[in-house]
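Contents: one structure, followed by commentary.
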Amino acid sequence: MNFILMEISYLKITKKLLFLDSQIDKKLPIESTEVINNKSFFKKHKLIEKYFSKLYGKMRLEELKSKAGICFSFELPEKVEKQLYDFGKIVIENKDFKLKQEVDEIYNLPFFRQYKNIIVLSTAIWLVKDSCVQENNTYFITQSGYQNRISIEMPYTLANGEHKTIELTGKELKEVEQNYFLLYSIMTKPLPVTPTVIHHSFRASTIENDKLDRSKESSFVRALINLQNARRSGQLSVKIDFYMQVLQCIYALEGMKSTKIEKTLQEVTKNLLDLTVQEQTFLANALLLSSNSTEDEIENENKSIFNTIKKAFRIRSKQSHGNKVNYSAVDIENTSIMVDEYVRRVLKNVLSRPELDYNTKEEAKKVSKYFINLGKDS
């Protein structure tokens with residue numbers, strides 16, 4: 092059996108998650124996809140543990156065992172395994188770098204077809220609660236002796252720009268599963284193909300981010316791409332900028348004056364989330380007091396959706412125009428935390444409604460009209 096073991100950071104799990112299995116590409120020889128505790132994997136495969144320790148070092152092994160992972164298992168025909176083994180000997184004996192790249196392409200095929208799993212899974216978890224679940228390293232453990240390590244750039248941070256390991260309850264895991272199936276069909280839509288840029292070495296490969304222009308994709312795809320950009324940034328004003336782009340994209344707000352966009356964002360978000368003033372205050376307290384803020388730093392007037400969106404829009408405007416952002420670090424952090432939660436709730440409300448996913452100008456007008464009318468409701 093061959094394994095692709097993907098190291099996952101900032102997620103603690105106590106049992107396997109098997110629902111990723113349902114999205115295996117049937118064209119590939121992959122037999123199963125599981126979210127596991129890596130320690131249990133090495134406990135089951137002692138020879139692999141010994142081999143990994145020799146190859147990458149004991150400290151790297153222990154760190155990997157302390158984390159969660161996604162494990163892809165697959166079989167190749169015996170004849171193919173033998174040929175790959177022979178290729179490996181040639182690569183080592185002759186330092187044949189070109190042949191190594193060709194072998195990389197064979198083994199990378201199942202990885203490239205499945206690596207979106209972690210992006211979809213991380214987003215599905217974020218839809219449940221603020222999190223920064225991400226891939227660090229992916230290891231190939233094969234019968235032929237092939238060695239490679241791949242890294243994907245996924246520098247996600249929490250809404251306050253920090254990192255923290257989360258654990259999901261049974262109820263939350265069910266929500267993650269539902270979100271995963273909802274997001275998978277959107278985030279893995281067939282898109283125009285651009286050649287993947289891979290930097291090879293004898294022991295590792297690094298994949299460059301996709302440089303393809305996604306600005307002409309449907310609104311849901313663009314909104315989720317902006318969400319990934321927000322989650323990737325540790326600079327909070329940039330994070331807020333992308334959060335606001337998510338909302339503006341979802342609401343189809345285009346061709347309006349800046350003041351009109353700001354007001355519509357406030358009104359639509361408030362009515363879409365349907366929170367009373369008391370509920371808005373309660374939510375703000377729960378979010379901000381769980382961060383680095385103190386009670387004295389949180390003014391009641393800043394707890395409403397209206398004021399939060401107003402402040403976020405002003406920060407976004409200053410940020411995108413290269414001007415000085417004249418808000419305190421605490422103000423910016425609190426705004427980022429609250430807008431992160433608003434965006435989460437808006438997406439949970441909207442993504443399950445495909446009729447709001449627009450692509451043409453005509454569709455955008457209909458969606459925009461729907462949300463503007465929603466903003467007028469009291």
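Under the working numbering, the letters of the sequence shown match residues 92 to 469, in that order. Even glycine gets a Cβ: it sits at the ideal position worked out from N, Cα and C. In this text the structure is predicted, and so the values were computed from the model without any measurement.
By the criterion of a C-beta distance shorter than 8 Å, G179 is surrounded in its chain by V194, S235, G236, Y237, once the five residues flanking it on both sides are discounted. Distances from the alpha-carbon of A250 to those of V267, S242, N208, F333 put F333 closest. Here the segment 239-248 makes no contact with the segment 259-276; the two share fewer than three CB pairs at distances below 8 Å. In this structure, the CA atom of E370 is about 25 Å from the CA atom of L327. Counting every other CB atom within 10 Å of its CB across the protein chains shown gives T451 a total below 16, marking it as exposed. By the 16-neighbour rule on beta-carbons within 10 angstroms, A420 is exposed.
Beta-bridge partners assigned by DSSP to F203: none are found. Classified as buried, L108 has 16 or more neighbouring CB atoms from the shown chains inside 10 Å of its CB. A residue is called buried when at least 16 other Cβ atoms come within 10 angstroms of its Cβ; I396 meets this threshold and is buried.
Residue environment: L442 is assigned as buried (16 or more neighbouring CB atoms within 10 Å of its CB, all protein chains considered).
Less than 8 Å divides the Cβ of T256 from the Cβ of K103.
In the displayed model, G179 falls within a helix according to three-state DSSP.
Residue nearest to L374 within the set H136, C162, N320, E432 is E432 (criterion: CA-CA distance). Counted as a single uninterrupted DSSP element, the beta strand (DSSP E) harbouring S242 occupies residues 238-242. Note that the C-beta distance between L344 and T355 is below 8 Å.
At a Cβ-Cβ threshold of 8 Å, M278 and K207 count as neighbours. Beyond the five residues adjoining it in sequence on each side, K158 comes within less than 7 Å, by CB distance, of E98, I99, S100, N129 in the same chain, given in chain order.
When the Cα atoms are used, L175 and Q205 turn out to be separated by approximately 21 Å.
When only Cα atoms are considered, I428 and T372 end up about 14 Å apart.
When the alpha-carbon of I400 is set against those of P168, K191, K351, the nearest one is in K351.
S164 has F94, S123 as its beta-bridge partners, per DSSP. Non-local beta-carbon contacts of P246 in its own chain, meaning distances under 6 Å to residues more than five positions away in sequence, involve R323 in chain order. For the pair V359 and G252, the CB atoms are not nearer than the 8 Å cut-off. In the structure shown, K415 adopts coil according to DSSP, grouped into three states.
Setting aside the 5 residues that flank it on each side, V126 is surrounded in the same chain by L108, I161, each with a C-beta closer than 6 Å to its C-beta; the list follows chain order. If you draw a straight line from the Cα of L338 to the Cα of H254, it comes to about 24 Å. For N228, the secondary structure class from DSSP, reduced to helix, strand or coil, is strand. F404 sits away from M347, with the two beta carbons spaced by 8 Å or more. Selection K189, E258, V430, S131 evaluated against V224 yields E258 as nearest (Cα-Cα). Secondary structure of N128 (DSSP, three-state): strand. V219 and N270 do touch by the CB rule: their CB atoms are close to 7 Å apart, below 8 Å. In the three-state DSSP reduction, L102 falls in the strand class (E or B).
Just measuring C-alpha positions, the residue of L273, F231, K170, L200 sitting nearest I216 is L273. The Cβ atoms of L364 and R436 sit closer than 8 Å to each other. Nearest in C-alpha terms to I423, of all of I331, I232, I341, K460, is I331. Annotated three-state conformation of L344 is coil, per DSSP.
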